[in-house]
Each structure stands twice: as C-alpha cells, then as structure tokens.
Amino acid sequence: MATTFKKYKNRATSTLQAAIDDDDTSLSVAEGEGSKFPSTYPFHITIDDEIMSCTSRTNDVLTVTRAQESTIAAAHAAAATVGLNLTAEGITDILTAINALEGVIEPGAFSELTIASGVITVTQTFHTVDTESDGASDDLDTINGGSTVQVVVLHPAHDDRTIVVKHNTGNIWLQGAADVTLDDIRDSILLVWDGTKWCDIAAGGGGVDTSGTPVDNDIAKFTDADTIEGRSYAELKADLDLEIGTDVLAQQTIGIADNNLVEIDHASVADDDYAKFTANGLEGRSASEVVTDLQSSLSKIQDSDGQSYVAVGATADQTDFKNANVTTGKISAAGILTWAKQSRCKAYRATSNQTIPTTTFTKLQLNAESYAEQNEFDSTTNYRFTATEAGRYLVIVGCYYESPVADKIMGCYIYHNGARVTEPSFHSSSTSGLSTMTMDVLELAASDYVEAYAYHNCGGDEVVLLGAGLTFMTIHKQS
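Take UniProt numbering: the last position of the sequence shown gets the number 479, and nothing is skipped along the way.
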C-alpha cells in the first residue's frame, strides 16, 4: 500500500485568533491567514509544545486531532504561534517509503549468472545469463531469489548462445503463454515476482540487422522480419511496379483548358483577383463577386467552436456579443452599450436589525442580495464582495441608525482587504433616526475583497435597521 504523506506548504505560520482549551477540536488562526495552510489533509501543526493533526480547514478555521506524536493536549493562549513544521512522524513516513523502494529495486552493474539444470538465482535487478557449460542453447525455466514486486532485467551474455525462457515449466509465466527466445546480447526480458510466479512485463530484441551500403538518398525495405535493406530510387521504382495512368497520372498538358493541369504564376495574377472552387473547377472572382458570395456569412464573426461570436444586425441594426451562445452584451441602434454580465451586486441587511457596540468598528452582516451578477458577494459567512477580475469598482455603503444619541459620531465605512479606506463621520443632531452613507471608486485586483463596517461613540449599543434601502452595500465595476 502506498505511503500516505503529510501535506506541507512553505511559510505556513500564523497565530491563534482566540485561546483554546485542552479538549477543543477546532481553532481559528489570524483572520485571512487560513490560506497559508494546505487545502488537502492531513497536515501536522505545532502550538507551543503540542503537535496536532489538521483533518479539515474552512477559511481560517482548522479542525484538529489533539496530542499527536506523543505530545500532551494543553490549553493555548490567544496569539500563540501556529506553525506547520516537519515533524518526526513526517520524516519517518519518507524513510519508510525509501526503504520500501530499496526492497523492490536492487541497482548495480550487470552480474552474470549461469544456468544450472534450468535454474538461476537472482541477487539484484540487472543480470546477464549464460548457458550451462557454454552450450549453444539452454532453457531457463526457474528463477530463485527475489521478493514480492521485485523486478529483474535479464540479457543473454553472448551473441552466439541462445537462452530460451520457458513458459510455465517452472515458476515463470509469460504473456501469450509462449516461450521467449533471447539470442542477441541486445535482447532482454523484464520480469516481476508476484509471490508465486515471475511474470514478464516486456520482452524483445534490441534491433534489426541491416544490409547494403546506405547513402543519403537511400530508402529502407524490410526483406524479412529481422532485416532492413537499403534501396536506391531505381530499385524502389522497380519494387513498386507502378503503372502510368493507373497508379500515377500520365503526363498532362499545362494550360487553361478542360482536363489540363493549372499553372499558377503569382507574378502575373492581378492584385484584385481571387479564386473560388465551383462545380466546374477553380474559377476567378473579382473583389465585388467575393463580397456577394460572402454576404450571407458577413452578419457574424465566430470562434472555432461556433459558440462565441459577434452578430451584426441580427436584430434590427443591433450588434450582439455572445459567449457560448449566451448574450453577454449588445450595442443598440441608438448606440447604447449594454454589458449583461459586468460585475455588479447589491447586498443588504435582512431578517433582523444588527446591534453595533460603542467605539467598535463592526462589520455589517449583509445577509441578503437584491442582485449579484457574478455571485461575487458572500452573504452567509464573510459578508464580503470578492472581485473576479481586476478593475475600478464604484462602492456605496449606507446604514440607518434607529435611535442615535445627539452630538455623537455615527457612520459607515468601506474596508478594502481588511483596511479602512473611507473616513466619513456624521454627528447626530437628534434621536429620531440617522441615515449615513459613504462611497468611493476602488482599484481592485482579482481576489481583492470589500466589506462594509459601522462605528459610533454613543456610549452604549446602537441598532442599525434592516432593509435594502436602509443598511446596504452596492458595488458596480466601472472599467
């Protein structure tokens, strides 16, 4: 069975987001740093003196089995280092695999074995084999030595002595249930021991004989199963015995007439002439005739699979852009450009109001979407927009405080990749409700993310109201 190796990843280190007890089976690393760790399992992490086996990872949350490799489960404080290190068990896995491989392949120079009563004993992977008492031919029916899945490669030791590897006479089983003859030092047979029989994987000669004196212009011909003979062009023509008019064309007149061969002289062809194959042959066409011929096909430009194309005038002077037969954009007769699949979304707070603690920048948990063209907004876990493509994006965030405190700072903010990028501040003038808003155009790279936050210093919890027009974030890609 193949060794299951631990997974590793360079520079996979972080810190605990929160403290854990000695019986916790999941932990969170610093926000946004889960991707530093492998996405396949298992892998071992070390926190303080304890080694744990990670069996699953979802974003920044790792599911672990505690107290691995004879370490002791313990409580660990927040901000403790979480590292993916090479451990003793990982090194043992590698050494075990190397030892298993060494048990199958025994390298070394070819060592000669001599058949004795049809038997040889192998001691390594590569051997040459000689006949008993230097006989002209000898049968090999039994091979001693070897272990399960060990392989051996056998060559005859001499060109003038033949080794016949016998099928199922002893402990050798050959493909096709037929003996294999090795009578050239370039012949070989590759066998593997399955625990009861040596089974051939491949067998054959190392080349074929040649005859004649080849030169640069010679052609080769097999004269029998083992010999290639050089042939001149004259000999080749005689070998092929071709008949003019039957096997090859007879000499034909060149010229523009029925049944003549066509001569093409580029220097004499006018720049504006073209050619078209018709039922009568190759016919000259003027530029205007070419346009007329192609008129029915000029309304669209297609790619090689015919699924993505630009269709001109397909709908009343409208130009449609399609990808995989789905309209992704159009230019109307009035010249209005529409891109159906441009990145855009609006997410908002639904189901219930959200409580915002005082003096704490708090992410707005926008858990519903009015629209999300490219499904780039996560409204269930991270409450964030992640850009599919790089570009400039217009971002608008709004939140409505239900019961503001007069003369306090209350606002909403845009965060880009976890950093605040807008600094609006609103001073409430009453306690009857306050709508705050901020906007910006952000330069996003692919996979950058955007989040909405709220902040106030009212001295106690404040509530932002649910609703698509009250607490929301709208993002549209501009270019």
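For each residue, glycine too, the CB sits at the ideal point set by N, CA and C.
Excluding its 5 nearest sequence neighbours in each direction, Pro-357 has C-beta neighbours in its own chain below 7 angstroms: Asp-461, listed in chain order. Rounded to whole angstroms, His-456 and Asp-320 show a C-alpha spacing of 49 angstroms. About 6 angstroms separates the beta carbon of Gln-365 from that of Gln-354, a gap short enough to meet the 8 angstroms contact definition. Only residues of its own chain outside the window of five on either side were considered, and among them Leu-113, Ile-143, Asn-144, Gly-145 have a CB closer than 8 angstroms to the CB of Thr-121, listed in chain order. Inter-segment contact for the stretch 325–334 and the stretch 416–434 is absent: fewer than three beta-carbon pairs are separated by less than 8 angstroms. Across the structure, Ser-430 and Asp-24 are spaced so that their CA atoms are roughly 47 angstroms apart. Sequence-distant partners of Glu-369 (beyond 5 residues in either direction) whose C-beta falls short of 8 angstroms from its own C-beta, in its chain, are Cys-345, Lys-346, Ala-347, Tyr-348, Phe-377, Ser-379.
In the same chain as Glu-89, and ignoring 5 residues on each side of it, the C-beta atoms closer than 6 angstroms to its own belong to Glu-69, in chain order. For Tyr-455, the uninterrupted beta strand (DSSP E) segment begins and ends at 449–456. Closest in C-alpha terms to Trp-173, from the list Asp-407, Val-192, Ile-163, comes Val-192. Sequence-distant Cβ neighbours of Ala-275 in its own chain, meaning closer than 8 angstroms and more than five residues away, are Leu-282, Glu-283, Gly-284, Arg-285. Comparing alpha carbon positions, the residue from Leu-182, Thr-359, Val-395, Ile-115 closest to Ile-163 is Leu-182.
In its chain, beyond the 5 residues on either side, Asp-378, Tyr-449, Glu-451 have a beta carbon closer than 6 angstroms to the beta carbon of Arg-384.
In this structure Asp-159 touches Asp-184 by the C-beta definition: roughly 6 angstroms separates them, less than 8 angstroms.
Judged by DSSP in its simplified three-state form, Thr-92 adopts helix. Going by DSSP, Glu-443 is part of the beta strand (DSSP E) stretching over 434–444. When rounded, the separation of the alpha-carbon atoms in Pro-38 and Thr-381 is 20 angstroms. Bounds of the alpha helix (DSSP H) holding Lys-237 are 233–240. In the three-state scheme derived from DSSP, where H, G and I count as helix and E and B as strand, Ala-347 is classed as strand. When DSSP states are grouped into helix, strand and coil, Glu-289 belongs to the helix group. For Arg-384, the enclosing beta strand (DSSP E) covers residues 384–386.
Annotation: Gly-418 to Ala-73 spans about 33 angstroms, alpha carbon to alpha carbon.
Ranking Ile-91, Ser-147, Thr-65 by CA distance to the CA of Lys-6 puts Ile-91 first.
The Cβ-Cβ distance between His-44 and Thr-87 falls below 8 angstroms. In this structure, the beta-carbon distance from Thr-15 to Val-29 falls below 8 angstroms. For Gly-145, the secondary structure class from DSSP, reduced to helix, strand or coil, is coil. In this model, Gly-398 and Val-64 are separated by some 40 angstroms (Cα to Cα).
Taking a 10 Å sphere around the C-beta of Tyr-371, we find fewer than 16 other C-beta atoms and assign the residue as exposed. Distance from the CA of Gln-318 to the CA of Ala-334, rounded to the nearest whole angstrom, comes to 9 angstroms. Lys-166 places its beta carbon less than 8 angstroms from that of Asp-139.
Residue Cys-458 holds the alpha-carbon nearest to the alpha-carbon of Tyr-401 among Ala-19, Cys-458, Ala-238.
Within 10 angstroms of the beta-carbon of Glu-50 lie 16 or more other beta-carbons, which makes it buried. Under the 10 Å beta carbon count, Leu-337 is surrounded by fewer than 16 other beta carbons and is classified as exposed.
Sequence-distant Cβ neighbours of Thr-388 in its own chain, meaning closer than 8 angstroms and more than five residues away, are Ser-343, Gln-374, Glu-376, Ala-446. In chain order, Gln-17, Asp-60, Gly-418 place their CB closer than 8 angstroms to the CB of Glu-31, counting only its own chain and leaving out the 5 sequence neighbours on each side.
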